[in-house]
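The structure appears right after this line, and notes come after that.
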Amino acid sequence: MKDLKHLLYLENLLQDSNNDLVRMAKEKGEIAIGNVCYQIPEVLLNLPGSFSVRMRAPNTTSMEMGTYYMTSLTCEYCRAILERALEGSYQFLDCIFDPASCSQLADCMENIEELGLGNGEKFFVQHVDTPMKDDENGISHMTRMSRVRVLDKLLEVFGIDTSDAALRKSVELHNNVCGLITEMGQYRKLEKPTITGYEFAVFTLASYCCPKDLILPCLRETVEELKTRASDEKKSYRVRVVLAGSEIDDPTFIKLIEDSGAYVAADRFCFGSFPGRQQIILNDQEDVLTQICRENVTECQCPRYMNTSKINGRKEYLDKLAREYKADGIIFQQMNFCNFWGYERAGASHIISQEYQWPVLSVDRPYVVGNSGQLRTRIQAFVERIELKKAAGR
Ligand code: SF4
Ligand code: SF4
């Protein structure tokens, strides 16, 4: 396929957390807010005068210092983030919001706070409690935390406008971004898709890591480009998969999967588009913040939600995605030492395979996948397994 005009530009932006667009927004005097998890609604951090940056550690080679502070038996994403913080890579951030969703993430953020790794007098790390059930109590708890721990803090420290009008404006911007990402993602349903899973991941990830208003022109032009982009003559994959699990903030992992013959038709992982890139439709009846939190809590697919309907709902959600995106199988991946996905992967991969009858590959992986020969071999074997199953008419 012909190269997408903005792909290389975005790939380069993703090489650095403090990228050109982030610096441009900072030069305009905007507040840069570090964000590490879906559970703090992104729209609360993208109010007029502020923008969120999903924290990553691109091109990580060593985590020695992160490991020293957090031990070698903790999540590599957290250790890589701490390592970068120790190197001073997040000095451009004005604050970080950390949900109490994951204790390892909380440890990482406490280290950043206690070791004084932020920059500026006003820098703070704010811990935000999040619910474990998606019932009305959970929604009301999330709404209160969002008001007290997020909005009030932004108003108090930086004087950011947190009115309903400002929230609505942020939702409008979010919806513009999500509408375009969703439109791009639809091309993944084609028999001969006109966007690769890798390309889609680059655009999606950039939308989490760059100021939304500055990334919009690239997204708009790409959507126009995709309307006439021709697919390759020959089908470019052997099987189609849904990729699920914990954080993937490096699109080269998706490239590795696609190079091994499996087209990534849908992305159900943190930093992906399901969930995270759906529009928020507001009404005029209910309080705006409650609506935002309701959407966040009900759409969240994080294994930390432990009520039965959520636990079952996660499998139903995956099954639905796999059907909608015409997948042949599902790959569950889990960051090494991630507790939540460790439990979820073990149970869900069995249920998805036995009860929903999907071929499943279940792997744990390091934060830096690189060109892992071991993962490549396992994915190739999975592709062959699906092909044999199809050939046998099963
Ligand atoms: S798995 Fe859960 S806690 Fe971890 S980043 Fe995703 S939403 Fe947050
Ligand atoms: S991968 Fe798991 S342990 Fe690591 S931050 Fe995400 S939820 Fe926490």
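Quick note: the sequence shown uses the numbering used here, first residue 13, plus one each step. Using N, Cα and C, we set each Cβ at its ideal position, and we do this for glycine too. Given the structure is predicted, the values throughout are model-derived calculations rather than measurements.
Q | Residues near residue 144 by beta carbon distance below 8 Å, same chain, minus five either side | A | As a first step, residue 144 must be located in the sequence shown, where it is residue number 132. Counting only Cβ-Cβ distances below 8 Å, and skipping sequence neighbours, we find 150, 316, 317, 318, 319.
Q. Going by alpha carbons, who is nearest to residue 280 out of 311, 291, 377, 202?
A. Residue numbering aside, residue 280 sits at position 268 when the sequence shown is read from its first letter. Looking at the Cα atoms, 311 is the closest of the given residues.
(Q) Check for me: the alpha helix (DSSP H) holding residue 410 runs from which residue to which? (A) This structure gives no information on residue 410, because the portion of the chain shown stretches from 13 to 406.
(Q) Residues around ligand 1, please: the condition is that the C-beta lies closer than 7 Å to some non-hydrogen atom of it. (A) Result (chain order): 48, 49, 50, 51, 111, 113, 114, 117, 258, 259, 282, 312, 314, 315, 316, 352, 353.
(Q) Taking contact to mean 3 or more Cβ pairs, one atom from each stretch, closer than 8 Å, check whether the stretch 204-222 and the stretch 319-332 are in contact. (A) Taking a contact to require three or more Cβ pairs closer than 8 Å, the stretch 204-222 and the stretch 319-332 do not qualify as touching.
Q. By DSSP, does residue 279 sit in helix, in strand, or in coil?
A. As a first step, residue 279 must be located in the sequence shown, where it is residue number 267. If DSSP states are grouped into helix, strand and coil, residue 279 belongs with the strands.
(Q) Looking at ligand 2, does it come within less than 7 Å of residue 75, judged from the CB to the closest heavy atom? (A) Here residue 75 corresponds to residue number 63 of the sequence shown, with the count starting at 1. For residue 75, the distance from the CB to the nearest heavy atom of ligand 2 is not below 7 Å.
**Q.** Cβ-Cβ separation, residue 157 to residue 147 (assumed contact under 8 Å), whole Å
**A.** Mapped onto the sequence shown, residue 147 falls at position 135. Mapped onto the sequence shown, residue 157 falls at position 145. Wrong, their Cβ atoms sit about 15 Å apart, outside the cutoff.
Q | Any non-hydrogen atom of ligand 2 within 7 Å of residue 13 CB | A | Against the sequence shown, residue 13 aligns to sequence position 1. No, Cβ of residue 13 sits at least 7 Å from all heavy atoms of ligand 2.
Q: Output the boundary residues of the alpha helix (DSSP H) element that contains residue 417.
A: Absent from the model: residue 417. The displayed extent of the chain is 13 to 406, so no value can be given.
Q. Is it right to say residue 322 is buried, meaning 16 or more other beta carbons lie within 10 angstroms of its own, or is it exposed?
A. Position 310 of the sequence shown, counting from 1, holds the residue named residue 322. It is buried - the Cβ of residue 322 has at least 16 other Cβ atoms within 10 Å.
Q. If you measure from the CB of residue 82, is any heavy atom of ligand 2 nearer than 7 Å?
A. One-based indexing of the sequence shown puts residue 82 at position 70. Residue 82 Cβ: outside cutoff for every heavy atom of ligand 2.
Q: Could you round the C-beta distance between residue 387 and residue 375 to whole angstroms and report it? I think they count as a contact, below 8 Å.
A: Within the sequence shown, the letter at position 375 stands for residue 387. Within the sequence shown, the letter at position 363 stands for residue 375. Confirmed, Cβ separation roughly 7 Å.
**Q.** Segment contact flag, the stretch 65-73 with the stretch 87-96, C-beta cutoff 8 Å, min 3 pairs
**A.** Segments in contact, yes.
Q. Based on Cα-Cα distance, which residue from 263, 207, 163 lies nearest to residue 236?
A. Against the sequence shown, residue 236 aligns to sequence position 224. When each option's Cα is compared against that of residue 236, the closest is 207.
Q.
Once DSSP output is grouped into helix, strand and coil, what is the label at residue 186?
A. By 1-based counting over the sequence shown, the position of residue 186 is 174. In the three-state reduction of the DSSP assignment, residue 186 falls in the helix class.
Q: Give the DSSP bridge partners of residue 47, in chain order.
A: Working through the sequence shown from its first residue, we reach residue 47 at position 35. Residue 47 is bridged to 66, 109.
Q) Just reading off the alpha helix (DSSP H) that residue 34 is part of, what are its end residues? A) Working through the sequence shown from its first residue, we reach residue 34 at position 22. Note, residue 34: alpha helix (DSSP H), 32-39.
Q: Quick one: using the 10 Å Cβ neighbour count with 16 as the cut-off for buried, is residue 24 buried or exposed?
A: Position 12 of the sequence shown holds residue 24. Its Cβ having fewer than 16 others within 10 Å, residue 24 is exposed.
(Q) Whole angstroms are fine: how far does the CA of residue 159 sit from the CA of residue 165? (A) Stepping through the sequence shown from its first residue, residue 165 is reached at position 153. Stepping through the sequence shown from its first residue, residue 159 is reached at position 147. Roughly 9 Å between the two C-alpha positions.
Q.
Please classify residue 80 as buried or exposed, where buried requires at least 16 other C-beta atoms within 10 Å of its C-beta.
A. To locate residue 80, count along the sequence shown from 1; it is residue 68. Around the beta carbon of residue 80, fewer than 16 other beta carbons lie within 10 angstroms, which makes this residue exposed.
Q) Candidates 340, 356, 377, 380: which alpha carbon is nearest residue 395's? A) To locate residue 395, count along the sequence shown from 1; it is residue 383. The shortest CA-to-CA distance from residue 395 to any of 340, 356, 377, 380 is the one to 340.
(Q) What does the alpha-carbon distance come out to for the pair residue 369 and residue 45? (A) Taking the sequence shown and counting its residues from 1, one reaches residue 369 at position 357. Taking the sequence shown and counting its residues from 1, one reaches residue 45 at position 33. When rounded, the distance between both Cα atoms is 42 Å.
Q | Closest Cα partner of residue 282 within the set 385, 16, 52, 228 | A | As a working mapping, residue 282 is identified with position 270 in the sequence shown. Its Cα nearest to that of residue 282, the residue 52 stands out among 385, 16, 52, 228.
Q: May I ask you to list the residues that DSSP assigns as paired with residue 137?
A: Working through the sequence shown from its first residue, we reach residue 137 at position 125. Among the bridge pairs identified by DSSP, residue 137 is matched with 108.
Q: Tell me whether the beta-carbon of residue 49 lies closer than 8 Å to the beta-carbon of residue 90.
A: Within the sequence shown, residue 49 is the residue found at index 37, counting from 1. Within the sequence shown, residue 90 is the residue found at index 78, counting from 1. Residue 49 places its beta carbon 8 Å or farther from that of residue 90.
Q. Just to confirm, does residue 347 get its C-beta within under 7 Å of one of the non-hydrogen atoms of ligand 2?
A. Numbered from its first residue, the sequence shown carries residue 347 at position 335. For ligand 2, at least one heavy atom lies less than 7 Å from the Cβ of residue 347.
Q. Between the C-alpha atoms of residue 304 and residue 180, what's the straight-line distance to the nearest angstrom?
A. To locate residue 304, count along the sequence shown from 1; it is residue 292. To locate residue 180, count along the sequence shown from 1; it is residue 168. Spanning the two alpha carbons is a distance of roughly 10 Å.
**Q.** Cβ shell of residue 349 (< 8 Å), same chain only, five flanking positions each side left out
**A.** Along the sequence shown, one-based indexing puts residue 349 at 337. Taken in chain order, the residues that qualify are 85, 86, 87, 88, 116.
(Q) Count Cβ pairs between the stretch 330-347 and the stretch 245-263 that sit closer than 8 Å; are there 3 or more? (A) Contact between the stretch 330-347 and the stretch 245-263 is present, because at least three Cβ pairs lie under 8 Å.
Q: Under 7 Å Cβ to Cβ from residue 267, same chain only, skipping five residues before and after it: list those, please.
A: By 1-based counting over the sequence shown, the position of residue 267 is 255. Cβ within range, chain order: 210.
Q. DSSP state of residue 100, grouped into three classes?
A. Here residue 100 refers to the residue found at position 88 of the sequence shown. In this structure, residue 100 counts as coil in the three-state DSSP scheme.
Q) Can you check whether the CB of residue 252 is closer than 8 Å to the CB of residue 332? A) For this step, residue 332 is matched to residue 320 along the sequence shown. For this step, residue 252 is matched to residue 240 along the sequence shown. Contact check for residue 332 against residue 252 fails: the beta carbons are separated by 8 Å or more.
Q. Within this structure, are the beta carbons of residue 284 and residue 216 separated by less than 8 Å?
A. As a working note, residue 284 is residue 272 in the sequence shown. As a working note, residue 216 is residue 204 in the sequence shown. Yes, the pair counts as a contact, with Cβ atoms nearer than the cut-off.
Q.
For ligand 2, is there any heavy atom lying closer than 7 Å to the beta carbon of residue 220?
A. Your numbering for residue 220 matches position 208 in the sequence shown. Not one heavy atom of ligand 2 lies closer than 7 Å to the C-beta of residue 220.
(Q) Just to confirm the assignment, what range does the alpha helix (DSSP H) spanning residue 343 have? (A) Taking the first residue of the sequence shown as 1, we reach residue 343 at position 331. Taken as a continuous stretch (DSSP letters only), residue 343 belongs to no alpha helix (DSSP H), being part of the beta strand (DSSP E) at 341-347.
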